[in-house]
Amino acid sequence: MNIVLELPEALEHKLREEAARHGVSLNRHIVERLGDKSSDHEDMPLTEGALLQKINRGIEEEEWKRFHTLVLLRKSGQIDEAAQQELTALTDKIEATNAERLPYLAELARLRNITIPQLMNKLGLNAQLFIYD
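Following our numbering, the numbering of the sequence shown begins with 78 at its first residue and continues without gaps.
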């Protein structure tokens, strides 16, 4: 099975750097990271409720507000270097948080016997995820 994800540029860059540091291909690095995440939870199967809690974990509301403010500044062309760095840091945090949720989405989809995109649609999660069998 092939899975194609459209990753934000900052997350892709981070994953490529990590793979290079470990001396492995990007594909192998991602598979190992996902395997590490899923193996952390193999001993203790999570209930649907526990999986939903982990899926719904995100950044704080104040961080989201700040993120949207910074995005508006960037779009208006009025963002300074410090604010741009803050926006980049918040974007990295959001991407990392979203990446941490993927194994839980996969497990819940497996439990419900549906695809990840179907689950994301049911949960109202908006992302571009394409799965090819």
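For glycine and all other residues, C-beta sits at the position ideal for the given N, C-alpha and C.
Residue nearest to residue i in terms of C-alpha spacing, selected from the options
i: ALA183; options: ALA160, TRP141, LYS131 and ILE136; result: LYS131
i: LEU92; options: SER153, ILE80, ALA176 and LYS142; result: ALA176
i: GLU140; options: ASN190, ASN133, LEU167 and THR124; result: LEU167
i: LYS170; options: ALA160, GLY135 and GLU125; result: GLY135
i: VAL81; options: ILE193, GLU109, LEU147 and GLY201; result: ILE193
i: VAL148; options: GLU163, GLU94 and ALA97; result: GLU163
Reduced DSSP category for residue i - H, G, I as helix; E, B as strand; rest coil
i: GLY126; result: helix
i: GLY112; result: helix
i: GLU137; result: coil
i: LEU202; result: coil
i: ASN190; result: coil
i: VAL247; result: Within the shown structure, residues of the chain are numbered from 78 to 210, placing residue 247 beyond reach of any answer.
i: ILE156; result: coil
i: HIS118; result: Per-residue confidence for HIS118 stands at a pLDDT of 48, beneath the threshold of 50, marking its modelled position as unreliable; the derived number appears in the next sentence. Note: HIS118 maps to coil in three-state DSSP.
Burial state of residue i (16 or more Cβ within 10 Å)
i: PRO122; result: exposed
i: ASN198; result: exposed
i: HIS106; result: buried
i: ILE208; result: Bear in mind that a pLDDT of 34 at ILE208, under 50, signals an unreliable position, so the model cannot answer this.
i: SER153; result: exposed
i: LEU185; result: buried
i: LEU200; result: exposed
i: LEU103; result: exposed
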